[in-house]
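**Q** Take the sequence shown: its position 711, counting from 1, is numbered 711 in my numbering, and each next residue is one higher.
Note that beta-carbon positions come from the ideal geometry of N, C-alpha and C, so glycine has one too.
Mind looking over this structure? Questions follow.
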Amino acid sequence: MNRRNFLRNSSLISLGVLVTQFPAWSRSIFAWEQPIHNIEADKAIDPQWLASLYERGEKIKYFKSKNELKYIGMPIGGLHTGTVYIGGDGRLWLWQIYNESYDGMKEGVEPKIVLWNNGKEQVRIRPRDGSAYIEPAIADNLRILEQGFAISVYYKGQQLIKELRENHWDEIVFEPSYPTCTVTYSSADFPADVKLTAYSPFIPLDIENSSLPMTTLHVEVVNKTDQPLDVLISGWLENGVHKNRKDFSSVRKVSVSKNLIDGKALFFECQQVPEKDLIASDYGSMAISCQHSDAIAVAQIKEWPINPADLISEAGASNIGFNELQVGSLTVKRKIPASTKIKISYAISWHFNNVHPKLKERIKDAQNGYWYGTKFSNAYHVLEYYNQERNKLDENTLLWADTWNDSTLPYWFLDRTFVNIGTLATANTYRFATGRFWGWEGIGACAGTCTHVWQYGQAMGRIFPELERNLREITDLDIAFKPETGAIIFRAEYESRPAIDGQAGVVLRFYRDHQMSSDNVFLKRNWANLKKAIQFIIDQDKNGDGMTDTPMENTLDAVWEGEISWIVGLCLAAVQAGGAMATEIGDRSFAKLCYDYVKKGSVNMDKELFNGDYYIHRPNTESGRKNLGSYNTCHIDQVYGQAWTFQLGMPRINDQKQTLAALRALWKYNFTMDVGPYIKTHLNGRPYALAGEGGMVMNTNPKNEAKAYGENETWQLGYFHECMSGFEHQVAAHMMAEGMVEESLVLTRVIHDRYHAAKRNPFNEIECSDHYARAMASYGTFVNACGYAYHGPNKYLAFAPKVLAEKFKCPFTTAEAWGSYEQIQQNTEQTSQLSVAYGNLQLQKFSIGKVRNEPVQKDRLKAVLNNKPLKLSRVEDASDKLTVTFQKELQLNKGDLLQISWS
Numbered sequence: 001m002n003r004r005n006f007l008r009n010s011s012l013i014s015l016g017v018l019v020t021q022f023p024a025w026s027r028s029i030f031a032w033e034q035p036i037h038n039i040e041a042d043k044a045i046d047p048q049w050l051a052s053l054y055e056r057g058e059k060i061k062y063f064k065s066k067n068e069l070k071y072i073g074m075p076i077g078g079l080h081t082g083t084v085y086i087g088g089d090g091r092l093w094l095w096q097i098y099n100e101s102y103d104g105m106k107e108g109v110e111p112k113i114v115l116w117n118n119g120k121e122q123v124r125i126r127p128r129d130g131s132a133y134i135e136p137a138i139a140d141n142l143r144i145l146e147q148g149f150a151i152s153v154y155y156k157g158q159q160l161i162k163e164l165r166e167n168h169w170d171e172i173v174f175e176p177s178y179p180t181c182t183v184t185y186s187s188a189d190f191p192a193d194v195k196l197t198a199y200s201p202f203i204p205l206d207i208e209n210s211s212l213p214m215t216t217l218h219v220e221v222v223n224k225t226d227q228p229l230d231v232l233i234s235g236w237l238e239n240g241v242h243k244n245r246k247d248f249s250s251v252r253k254v255s256v257s258k259n260l261i262d263g264k265a266l267f268f269e270c271q272q273v274p275e276k277d278l279i280a281s282d283y284g285s286m287a288i289s290c291q292h293s294d295a296i297a298v299a300q301i302k303e304w305p306i307n308p309a310d311l312i313s314e315a316g317a318s319n320i321g322f323n324e325l326q327v328g329s330l331t332v333k334r335k336i337p338a339s340t341k342i343k344i345s346y347a348i349s350w351h352f353n354n355v356h357p358k359l360k361e362r363i364k365d366a367q368n369g370y371w372y373g374t375k376f377s378n379a380y381h382v383l384e385y386y387n388q389e390r391n392k393l394d395e396n397t398l399l400w401a402d403t404w405n406d407s408t409l410p411y412w413f414l415d416r417t418f419v420n421i422g423t424l425a426t427a428n429t430y431r432f433a434t435g436r437f438w439g440w441e442g443i444g445a446c447a448g449t450c451t452h453v454w455q456y457g458q459a460m461g462r463i464f465p466e467l468e469r470n471l472r473e474i475t476d477l478d479i480a481f482k483p484e485t486g487a488i489i490f491r492a493e494y495e496s497r498p499a500i501d502g503q504a505g506v507v508l509r510f511y512r513d514h515q516m517s518s519d520n521v522f523l524k525r526n527w528a529n530l531k532k533a534i535q536f537i538i539d540q541d542k543n544g545d546g547m548t549d550t551p552m553e554n555t556l557d558a559v560w561e562g563e564i565s566w567i568v569g570l571c572l573a574a575v576q577a578g579g580a581m582a583t584e585i586g587d588r589s590f591a592k593l594c595y596d597y598v599k600k601g602s603v604n605m606d607k608e609l610f611n612g613d614y615y616i617h618r619p620n621t622e623s624g625r626k627n628l629g630s631y632n633t634c635h636i637d638q639v640y641g642q643a644w645t646f647q648l649g650m651p652r653i654n655d656q657k658q659t660l661a662a663l664r665a666l667w668k669y670n671f672t673m674d675v676g677p678y679i680k681t682h683l684n685g686r687p688y689a690l691a692g693e694g695g696m697v698m699n700t701n702p703k704n705e706a707k708a709y710g711e712n713e714t715w716q717l718g719y720f721h722e723c724m725s726g727f728e729h730q731v732a733a734h735m736m737a738e739g740m741v742e743e744s745l746v747l748t749r750v751i752h753d754r755y756h757a758a759k760r761n762p763f764n765e766i767e768c769s770d771h772y773a774r775a776m777a778s779y780g781t782f783v784n785a786c787g788y789a790y791h792g793p794n795k796y797l798a799f800a801p802k803v804l805a806e807k808f809k810c811p812f813t814t815a816e817a818w819g820s821y822e823q824i825q826q827n828t829e830q831t832s833q834l835s836v837a838y839g840n841l842q843l844q845k846f847s848i849g850k851v852r853n854e855p856v857q858k859d860r861l862k863a864v865l866n867n868k869p870l871k872l873s874r875v876e877d878a879s880d881k882l883t884v885t886f887q888k889e890l891q892l893n894k895g896d897l898l899q900i901s902w903s
């Protein structure tokens, strides 16, 4: 099934009136067959609002009192273990852990079809078309398992009980900072306030410990009174194994208490399951634990809703019929002194190791379940491991959260540029038992870790580079690779063709993944096939002008003809990356071939494909503009190849002035603070931005040319009229790198505001289904805001902040370490320091952006590691940056502090 065939197959219920009945409309903006460009050049942006985008601001908070909780669904499980959301009131929901997602069968977080009036007619919108954007999933409608907490307090002769749920408290505040969140609860009539902190272990560079099928929930109770309080803290979970089955009359639900080191757990499973269902996708186990040895286990709560008296008498086992409700609890008794607080920690795990049968039919690696299934035999063993390692897992997770937020960048910016990595913690991605990483484009939609979609993402390659190397080595250059030609099939087992943009993206990502390695082993091991993949790109230039011109599939689901700026530029960037890698590998002749190709192609692209305003699509001589293309219109990805060069620290491929002109054209012609007028007149796009919301439209026709997109317009034309956040993020990242900081911040912010909790789920950027992979491009904007560049094998690291450079601090990751970079400019003195919070950083060469473009006197330059002076072998003083090479390679470990200063 085509990945976005809404535009081709959706049924329409006409609510509009045909243009032929109103001939005057044919000359107005409402001429739907030939709409007039109607995006305003003056964006009318409030100066005060614009200034606020630079401010650190307040941490993001969503409030019950503002009706901001009902759509919240933050992924709270481990990577590749299904989708479990934590809601705005702290309860878990969705529970997409049963391996049900599959293309055309069950897509998205909620498989529903909604009707949307696009201004002319009513259109059926499926999950892959944006149904969750029009009508977001509501937590209370998809809370399929009983799970929660209750606080029972004996106060002034009364037993007071409140569950941690929205309708029990005066105010609830949800404060996210992915991968962690806190939920605070307060009521005037209750003697205690409560804070719930939740996260699954999430440690950058540690993929194993970040991929546990579990979450942790830490309940802090604060005594507001001046006297001690006797408190019961209870947490419960329903046995959700084979949930929703109706044909299991002989099956038994079993719950049993098990001990942990300094803790206790309840283990849930089903017994007497028919043999045929032992391989069913919903066969597995669940568990809940409390990390306190005095916890009281009740394997099955007698009454529902809960009665605290039933939760304080141990009942360690339950064996009941399948049709009965089985909810078990773990309760802790505490006395809280006046004006103090206590914390009780819980964890919940799941283990459903049977892959969807349709995936098993197509993918050899899916036959034996998931990677976590090779580590743990059931859900209890997951909690057993966590309990043994929890000090380290909790400490490093919270350390990362603190490191990420200990920045001068605005809280909203940190949130939006990082939050999309949460797609890895949904049913959008899997890691099979063989170790292979695999993903949809969006949950359950468009199979095969599609090269032309996943290549936009920057987050995974920087936070979990091992996963990207896995994808390059196991899939792109093996399963999907055609050694006779060098072609990479863009959906591996699900396709038979390469996609030219996906091919280029694989090469570019390979160079990034090499840079995020500590040595050259990864590059050397894969060079033979990688070289063929690069040569394949060069071979698609049939007329030898350095510009790709072979018709081939691309991310807009069509085979375009001619020389297309965004494809030409992307291929030039890829070949340039190929030349860099060839140089490192010692393949001089191939490096020269690559560099010669790029030199020729860059000159011709700037000369032939730039119309004085922006870059275009030049049709070929045979078919002209017969078929669909962007031609003389303004396309969002027109300088995408140049954008990639900033992510990789490569030389430019396009003239800077022309590139800036192209980006300004996108701002002028494609960006609007209100997409409403545009989408009302330019129809057939999917609703990823609505009236009243800002965004950058994929493609516009500012010259109002007739048949601007070709003589034979096809269903893919609808894409041109959409706002897809992944594309918008890559433009925002590029604008940031080129110094268009205000435009970058505005574009990023309007995306952020589109996903405000009052409107829809802030954690789910939607394109072709939910948690769309392309949205991980958002991290690229953060990379460029920091002016970050890194090359692990070369032991090189650089920063050149684009935002608030006078006083700047940001987190960073490298191949084996992460920490913080900080710089301060005071008068004539600039001080920069690098601190390592985790792992080991090997560093030989360090580059720092100058706040003031003034020469640095070498006798006033100091380099210090942990207060000990360092000797430098070389100092390179450019107008905008200073680069120092250390006489001896540095080994920075946790707690080490490197300082470079000059005056």
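I'd like the list of long-range same chain contacts for Phe-30, defined as Cβ closer than 7 Å, with 5 residues on each side in sequence excluded.
**A** Residue mapping note: residue 30 aligns to position 30 of the sequence shown, counting from 1. Note that Phe-30 scores 45 on pLDDT, short of 50, meaning its location in the model is unreliable; the coordinates nonetheless yield the value given after this. So the qualifying residues of the chain are Thr-681.
**Q** Check Cys-914 in the structure and name its three-state DSSP category.
**A** No answer is possible for residue 914: the residues shown for the chain start at 1 and end at 903.
**Q** Taking 8 Å as the cut-off, decide whether the C-beta atoms of Val-254 and Phe-322 are in contact.
**A** In the sequence shown, counting from the first residue as 1, residue 254 sits at position 254. In the sequence shown, counting from the first residue as 1, residue 322 sits at position 322. Not a contact, by the Cβ cut-off of 8 Å.
**Q** Can you tell me the Cα-Cα spacing of Ala-689 and Ser-725, whole angstroms?
**A** Walking along the sequence shown from the start, residue 689 turns up at place 689. Walking along the sequence shown from the start, residue 725 turns up at place 725. Their backbone Cα atoms lie some 9 Å apart in a straight line.
**Q** Pull up the distance between the alpha-carbon of Arg-749 and that of Thr-781, whole angstroms please.
**A** For the purposes of this step, residue 749 is taken as the residue at position 749 of the sequence shown. For the purposes of this step, residue 781 is taken as the residue at position 781 of the sequence shown. In a straight line, the C-alpha of Arg-749 is about 12 Å away from that of Thr-781.
**Q** Residues bridged to Phe-808 by DSSP?
**A** In the sequence shown, residue 808 corresponds to position 808, counting from 1. Per DSSP, Gln-823.
**Q** Is it true that the segment 516-533 meets the segment 474-482, where meeting means three or more beta-carbon pairs spaced less than 8 Å apart?
**A** Taking 8 Å as the limit for Cβ pairs, the verdict is that the segment 474-482 does touch the segment 516-533.
**Q** Thinking Ala-580 and Tyr-494 are a contact (beta carbons under 8 Å), I'd like their distance in whole angstroms, please.
**A** Taking the sequence shown and counting its residues from 1, one reaches residue 580 at position 580. Taking the sequence shown and counting its residues from 1, one reaches residue 494 at position 494. Contact doesn't hold; Cβ gap of about 31 Å is too wide.
**Q** To the nearest angstrom, how far is it from the Cα of Ser-345 to the Cα of Gln-271?
**A** The residue you call residue 345 lines up with position 345 of the sequence shown. The residue you call residue 271 lines up with position 271 of the sequence shown. If you take the alpha carbons of Ser-345 and Gln-271, they lie about 29 Å apart.
**Q** How about Gly-444 and Trp-454: are their beta carbons less than 8 Å apart?
**A** One-based indexing of the sequence shown puts residue 444 at position 444. One-based indexing of the sequence shown puts residue 454 at position 454. Not closer than 8 Å, so no.
**Q** Please work out which residues of its chain come closer than 7 Å, Cβ to Cβ, to Phe-610, disregarding the five sequence neighbours upstream and downstream, and give them in chain order.
**A** Your numbering for residue 610 matches position 610 in the sequence shown. Excluding residues within five positions, the ones whose Cβ falls inside 7 Å are Gln-658.
**Q** Would the beta-carbon of Tyr-779 fall within 8 Å of that of Leu-399?
**A** Within the sequence shown, the letter at position 779 stands for residue 779. Within the sequence shown, the letter at position 399 stands for residue 399. Not closer than 8 Å, so no.
**Q** For the segment 126-142 and the segment 71-88, state whether three or more C-beta atom pairs, one from each stretch, are separated by less than 8 Å.
**A** They touch, by the three-pair rule.
**Q** By Cβ distance below 6 Å, which residues in the same chain neighbour Asp-230 in space, the five residues on each side in sequence not counted?
**A** Stepping through the sequence shown from its first residue, residue 230 is reached at position 230. For Asp-230, where only same-chain residues beyond five positions count, the Cβ hits under 6 Å are Tyr-154, Lys-335.
**Q** Can you name the start and end residues of the alpha helix (DSSP H) that Pro-47 belongs to?
**A** On the sequence shown, residue 47 is found 47 positions in, with the first residue counted as 1. 47-52 is the extent of the alpha helix (DSSP H) around Pro-47.
**Q** How would you write the range of the beta strand (DSSP E) that Gln-891 sits in, first residue to last?
**A** The residue you call residue 891 lines up with position 891 of the sequence shown. Note, Gln-891: beta strand (DSSP E), 881-893.
**Q** Taking the straight line between their C-alpha atoms, what separation do you get for Lys-43 and Leu-50?
**A** By 1-based counting over the sequence shown, the position of residue 43 is 43. By 1-based counting over the sequence shown, the position of residue 50 is 50. Spanning the two alpha carbons is a distance of roughly 12 Å.
**Q** Quick one: complete alpha helix (DSSP H) runs, 4+ long, within the segment 48-135?
**A** Segments of the alpha helix (DSSP H) lying fully in the segment 48-135: 131-134.
**Q** Output the distance between the C-alpha atoms of Glu-743 and Tyr-640, rounded to the nearest integer angstrom.
**A** Counted from its first residue, the sequence shown places residue 743 at position 743. Counted from its first residue, the sequence shown places residue 640 at position 640. Distance between the alpha carbons of Glu-743 and Tyr-640 is about 17 Å.
**Q** For Ala-504 versus Leu-570, is the C-beta spacing smaller than 8 Å?
**A** Counted from its first residue, the sequence shown places residue 504 at position 504. Counted from its first residue, the sequence shown places residue 570 at position 570. Cβ distance < 8 Å, so Ala-504 and Leu-570 count as in contact.
**Q** Please list the terminal residues of the continuous beta strand (DSSP E) segment that includes Gln-899.
**A** The residue given as residue 899 occupies position 899 in the sequence shown. From DSSP, the beta strand (DSSP E) with Gln-899 extends over 897-902.
**Q** Please confirm whether Ile-312 and Ile-296 have their CB atoms less than 8 Å apart.
**A** Counting from 1 along the sequence shown, the entry for residue 312 is found at position 312. Counting from 1 along the sequence shown, the entry for residue 296 is found at position 296. It is a contact, given that the beta carbons lie within the stated cut-off.
**Q** Thinking just about the alpha-carbon of each residue, which of Glu-361, Val-741, Phe-763 is nearest to the one in Ala-425?
**A** In the sequence shown, the residue the question calls residue 425 occupies position 425. Minimum Cα distance to Ala-425 is reached at Phe-763.
**Q** Can you tell me whether Ser-26 is buried or exposed? The criterion is at least 16 other CB atoms within 10 Å of its CB, across all chains shown.
**A** Here residue 26 refers to the residue found at position 26 when the sequence shown is read from its first residue. Residue placement at Ser-26 is poorly supported in this model, since its pLDDT is 34, which falls under 50; the coordinates still yield a value, given next. Label assigned to Ser-26: exposed.
**Q** Quick check: the Cα distance between Thr-374 and Val-355, rounded to an integer number of angstroms?
**A** As a first step, residue 374 must be located in the sequence shown, where it is residue number 374. As a first step, residue 355 must be located in the sequence shown, where it is residue number 355. Rounded to whole angstroms, Thr-374 to Val-355 spans 13 Å at the Cα level.
**Q** If I follow the unbroken beta strand (DSSP E) through Tyr-796, where does it start and stop?
**A** Here residue 796 refers to the residue found at position 796 when the sequence shown is read from its first residue. Where Tyr-796 is concerned, the enclosing beta strand (DSSP E) stretches over 796-799.
**Q** Run the CB neighbour count on Met-605, radius 10 Å, all protein chains shown included, and call it buried at 16 or more, exposed below.
**A** Numbered from 1 along the sequence shown, position 605 holds the residue referred to as residue 605. Burial call: buried.
**Q** In the DSSP assignment, find the unbroken alpha helix (DSSP H) run with Arg-860 in it and report its ends.
**A** Position 860 of the sequence shown, counted from the start, is the residue given in the question as residue 860. Here Arg-860 belongs to no alpha helix (DSSP H), and DSSP marks it neither H nor E.
**Q** Which residue marks the beginning of the alpha helix (DSSP H) containing Asn-704, and which one marks its end?
**A** Stepping through the sequence shown from its first residue, residue 704 is reached at position 704. Careful: Asn-704 lies outside any alpha helix (DSSP H) and carries neither H nor E.
**Q** Which of helix, strand or coil does DSSP assign to Leu-217?
**A** Counting from 1 along the sequence shown, the entry for residue 217 is found at position 217. If DSSP states are grouped into helix, strand and coil, Leu-217 belongs with the strands.
**Q** According to DSSP, simplified to helix, strand and coil, what is Cys-786?
**A** Within the sequence shown, the letter at position 786 stands for residue 786. Cys-786 falls in the helix class under three-state DSSP.
**Q** Between which residues of its own chain and Val-741 is the CB-CB distance below 7 Å, once the five residues before and five after are set aside?
**A** Here residue 741 is taken as the residue at index 741 of the sequence shown, counted from 1. Once the five neighbours on either side are set aside, the close Cβ partners of Val-741 are Lys-802, Val-803.
**Q** Just how far apart, CA to CA, sit Trp-715 and Ile-567?
**A** The residue given as residue 715 occupies position 715 in the sequence shown. The residue given as residue 567 occupies position 567 in the sequence shown. Taking the straight line joining both Cα atoms gives about 21 Å.
**Q** By alpha-carbon positions, which one of Val-241, Ser-200, Val-221, Gly-442 ends up nearest to Ala-287?
**A** For the purposes of this step, residue 287 is taken as residue 287 along the sequence shown, with counting starting at 1. When only C-alpha atoms are compared, the closest one is Val-241.
**Q** Could you check what DSSP says for Asn-223 in three-state terms: helix, strand or coil?
**A** Translated into positions along the sequence shown, residue 223 becomes position 223. Note: Asn-223 maps to strand in three-state DSSP.
**Q** Give every residue of the same chain whose Cβ lies closer than 8 Å to the Cβ of Arg-860, excluding the five residues on either side of it in the sequence, and list them in chain order.
**A** Counting from one through the sequence shown, the residue named residue 860 turns up at place 860. Cβ within range, chain order: Trp-902, Ser-903.
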